[in-house]
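These notes concern the structure reproduced below.
There are 2 protein chains.
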Amino acid sequence: MRFNIKDVARKAGVSISTVSRVVNDSKAVRPRTKEKVEKAIEELGYKPNAIARSLKIKNTKTIGIMIPDISNQFYPEVVRGVEDVANMYKYNIFLCNTDLDKEKEVQYFDALEEKQVDGIIFMGNLIPLELGEKFQKSDIPIVLIGTDYGDLPSVTINNHQASIDVINYLIKKGHKKIGMITGKEYDPVVGLARKEGYKKALQEADIEYVEELIIEGGYRFRSGYEGAKKLLDFKNRPTAIFVASDEMAIGAIRAALEKGIAIPDELAIVGFDNIDMAGKVYPSLSTIAQPMYEMGAIGMRVLTKILNDETLDNKKVLLNYSFIERESS
Amino acid sequence: MRFNIKDVARKAGVSISTVSRVVNDSKAVRPRTKEKVEKAIEELGYKPNAIARSLKIKNTKTIGIMIPDISNQFYPEVVRGVEDVANMYKYNIFLCNTDLDKEKEVQYFDALEEKQVDGIIFMGNLIPLELGEKFQKSDIPIVLIGTDYGDLPSVTINNHQASIDVINYLIKKGHKKIGMITGKEYDPVVGLARKEGYKKALQEADIEYVEELIIEGGYRFRSGYEGAKKLLDFKNRPTAIFVASDEMAIGAIRAALEKGIAIPDELAIVGFDNIDMAGKVYPSLSTIAQPMYEMGAIGMRVLTKILNDETLDNKKVLLNYSFIERESS
DNA sequence: TTGTATGCGTTATCAG
DNA sequence: CTGATAACGCATACAA
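Protein sequence lines correspond, in order, to chains A and B. For the first sequence, UniProt numbering begins at 1 and goes up steadily by one. For the second sequence, UniProt numbering begins at 1 and goes up steadily by one.
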């Protein structure tokens, strides 16, 4: 049996306004009557109806989070970051898996809007024009994580510079033939940026850029595994491979080990992301650590600032990454 | 600018009832007026307010999913299963991370109830009495995944039998000294069941049960790593280890490799779960595959059946597991 | 300090 | 086929 505010008002012998007052402990209520009301609430097991409340006050204490796929190693950590600070601020979150599918993205966005979420956290690759426009026109605040679009608030890292750092590290280690397995190159802020960083670093070190040593991957294990196999089959194979995601890098490690190539002695491998497994596989993976949890937490923090009309000193926040040297390099 | 049903009614020159009718395409509306209304909706970019709708019709097309921790390898896959079928049935899901913390569990449960979710999917270890009672008293349908309580609907696998199968496999392979790193032994339906299966199988094969060969772990990497280290330090170390979770098993593999113990020649390792990484690490991990995605999908399907008043021929569904032999055994 | 009344944006009943 | 109107459960302005 579900009771409402009227039921407790009747039971306590007061009006619904006073019940409402004690529930929201607003205004002053005489201790005696407050007690009565609380007793009635207790006895009936009354719980306020957040839907009715939301309709009235025009916010839902609910936000949506759109990500490509929660079962992809990368996202759970950032979702966890989002959820933790959302919880601190009493928000609940709707989880939406878009699979980077434009239709799904639009469909979820519409659903979230209809459900009157107070805000949205979005992650994805290149944001399609149609969606980007919707985001900008929408009156619900949106913050982007790990991607960027127009003047929308976002939290990212400098992918381009991170790649440069990795390659410089490898060069300093004495490597001259450095291969790369890239991400999605159509995505300028992540995939392409990492590739361009690689190019730039080689160029600055006066190392010839060999088209053959670049394989386009797609972030997942299989493409890393197969990419590395190809790279390692060249007569003049690379002595180091920079892989644009840890999951692919773990695939590359497997490809090397299957061929009996020793890591890191005959081949150095460096990944990108620092997913949980990067430190657990054997040999453990050197990688650029994206602060995934923080990206989520800070993204959500930015959103709460917008929702509370706090001033945002910076719509575009750029987080620090770090290089973690482990056994694979 | 956000428009409501009144705005489109005015713009289309009809009453709000007819707008409502075309939005829900209920009853017959004359094609001509329907057209007018649709035009108005289009021009205003009207979107129905799901909150108001929910208040009236008393359902929200929303469910809650409570899990220990989305950043634990095991859960994303089942959450994905839940989400996919939820999406098929037009439900959105609230994601809640409980950290197995009783207070958080209760707090989230209350929040979900206040937000009027239509149902809840719950995962956790041993369900605390207080929470179990709440579940049973609640008028919102709850389905348990990977755990069990009273007469609540649940979807699980037979953990006890799965362990027996693993040990029998190991025995058939010729192993006589088989160690185990267990899960949480206070949890009867998972942790304890797996341990008991191990005991049972040994007993039936007339192999002595050596207390020393059992280490209590906690599902995560670290405990697997440390547990294996201990086990492998014994003068008379086991030739095989059954590890109650893949994440721990990957820790065990690392411990062995660090000691220069060859897998599977000197030591066989078998895990439990078949998380994504199990097939990707090197050597790849033999394991009991829990159908995680299906557990989620079927759990959600059960929930939709309850919500649609379809008959449930079986409140307790037991899914099949399978043994996957890979390189580690 | 407390109560009455109005409206949030819908759906649904009932007349027309 | 269409339109008034009464809920849904709550918060709040205003009155008392």
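All C-beta atoms in this analysis are idealised placements derived from N, C-alpha and C, irrespective of residue type, glycine included.
Start and end residues, beta strand (DSSP E) containing residue i
i, result
"Glu325 (chain B)", "Premise fails: Glu325 (chain B) is in no beta strand (DSSP E) and is neither H nor E."
"Ala240 (chain A)", "Ala240 to Val243"
"Ser329 (chain B)", "From DSSP, Ser329 (chain B) is part of no beta strand (DSSP E); its letter is neither H nor E."
"Glu310 (chain B)", "Taken as a continuous stretch (DSSP letters only), Glu310 (chain B) belongs to no beta strand (DSSP E), as it is neither H nor E."
"Gly271 (chain A)", "Ala268 to Asp273"
"Ser223 (chain B)", "Where Ser223 (chain B) is concerned, there is no enclosing beta strand (DSSP E), although the alpha helix (DSSP H) it sits in stretches over Phe221 to Asp233."
"Val143 (chain A)", "Ile142 to Ile145"
"residue 412 (chain A)", "In the structure as shown, chain A begins at 1 and stops at 329. Residue 412 (chain A) is therefore absent and cannot be evaluated."
"Ile157 (chain B)", "Ser154 to Ile157"
Alpha-carbon to alpha-carbon, residue j and residue i
i, j, result
"Thr62 (chain A)", "Lys195 (chain B)", "42 Å"
"residue 364 (chain A)", "Leu232 (chain A)", "Nothing can be reported for residue 364 (chain A): it is not among the residues displayed for chain A, which extend from 1 to 329."
"Ile181 (chain B)", "Asp101 (chain B)", "24 Å"
"Met248 (chain B)", "Leu129 (chain A)", "44 Å"
"Arg326 (chain B)", "Thr287 (chain B)", "8 Å"
"Ile142 (chain B)", "Tyr209 (chain B)", "40 Å"
"Glu212 (chain B)", "Thr239 (chain B)", "14 Å"
"Ser322 (chain A)", "Phe242 (chain B)", "37 Å"
"Leu152 (chain B)", "Lys39 (chain A)", "31 Å"
"Met295 (chain A)", "Ile51 (chain A)", "30 Å"
"Lys6 (chain B)", "Ile16 (chain B)", "6 Å"
"Asn4 (chain B)", "Leu202 (chain A)", "58 Å"
"Ala189 (chain B)", "Phe122 (chain B)", "Per the sequence shown, the amino acid found at residue 189 (chain B) is Val instead of Ala. Distance between the alpha carbons of Val189 (chain B) and Phe122 (chain B) is about 15 Å."
"Ala228 (chain A)", "Ala162 (chain A)", "21 Å"
"Gly13 (chain B)", "Met1 (chain B)", "20 Å"
"Gly260 (chain A)", "His160 (chain B)", "39 Å"
"Ile269 (chain A)", "Val166 (chain A)", "11 Å"
"Lys315 (chain B)", "Gly217 (chain B)", "31 Å"
Per-residue DSSP class, three states only, for residue i
i, result
"Val14 (chain B)", "coil"
"Ile127 (chain B)", "coil"
"Gly45 (chain A)", "coil"
"Asp69 (chain B)", "coil"
"Leu202 (chain A)", "helix"
"Thr33 (chain B)", "helix"
"Ser286 (chain A)", "strand"
"residue 360 (chain A)", "In this structure chain A extends from 1 to 329, so residue 360 (chain A) is not present and cannot be described."
"Ile63 (chain A)", "strand"
"Leu100 (chain A)", "coil"
"Val317 (chain A)", "strand"
"Phe122 (chain B)", "strand"
"Met180 (chain B)", "strand"
"Val82 (chain B)", "helix"
"Phe109 (chain A)", "helix"
Boundaries (first-last residue) of the alpha helix (DSSP H) holding residue i
i, result
"Ala52 (chain A)", "Ala50 to Ile57"
"Thr304 (chain A)", "Met292 to Leu307"
"Val189 (chain B)", "Careful: Val189 (chain B) lies outside any alpha helix (DSSP H) and carries neither H nor E."
Any chain A beta carbon closer than 7 Å to residue i
i, result
"Val281 (chain B)", "yes"
"Arg254 (chain B)", "yes"
"Pro48 (chain B)", "yes"
"Ser71 (chain B)", "yes"
"Ile51 (chain B)", "yes"
"Leu129 (chain B)", "no"
"residue 382 (chain B)", "Since the displayed chain B opens at 1 and closes at 329, residue 382 (chain B) lies outside it and no answer follows."
"Pro68 (chain B)", "no"
"Met123 (chain B)", "no"
"Pro264 (chain B)", "no"
"Asn92 (chain B)", "yes"
"Glu77 (chain B)", "yes"
7 Å Cβ cutoff, residue i in contact with chain B
i, result
"residue 400 (chain A)", "Residue 400 (chain A) is absent from the model: chain A starts at 1 and stops at 329."
"Ile250 (chain A)", "yes"
"Asn59 (chain A)", "no"
"Leu95 (chain A)", "yes"
"Ser245 (chain A)", "no"
"Glu83 (chain A)", "yes"
"Lys115 (chain A)", "yes"
"Ser17 (chain A)", "no"
"Phe3 (chain A)", "no"
"Pro141 (chain A)", "no"
"Pro291 (chain A)", "no"
Are the stretch 69–84 of chain A and the stretch 51–71 of chain B touching by the rule of at least three beta carbon pairs closer than 8 Å?
yes
I'd like to know if the stretch 247–266 of chain B and the stretch 39–54 of chain A are in contact, where contact means that at least 3 CB-CB pairs between them fall below 8 Å.
no
At least three beta-carbon pairs within less than 8 Å, the stretch 300–310 of chain A to the stretch 81–90 of chain A:
yes
Counting pairs of beta carbons, one from the stretch 250–270 of chain A and one from the stretch 275–290 of chain B, are three or more of them closer than 8 Å?
yes
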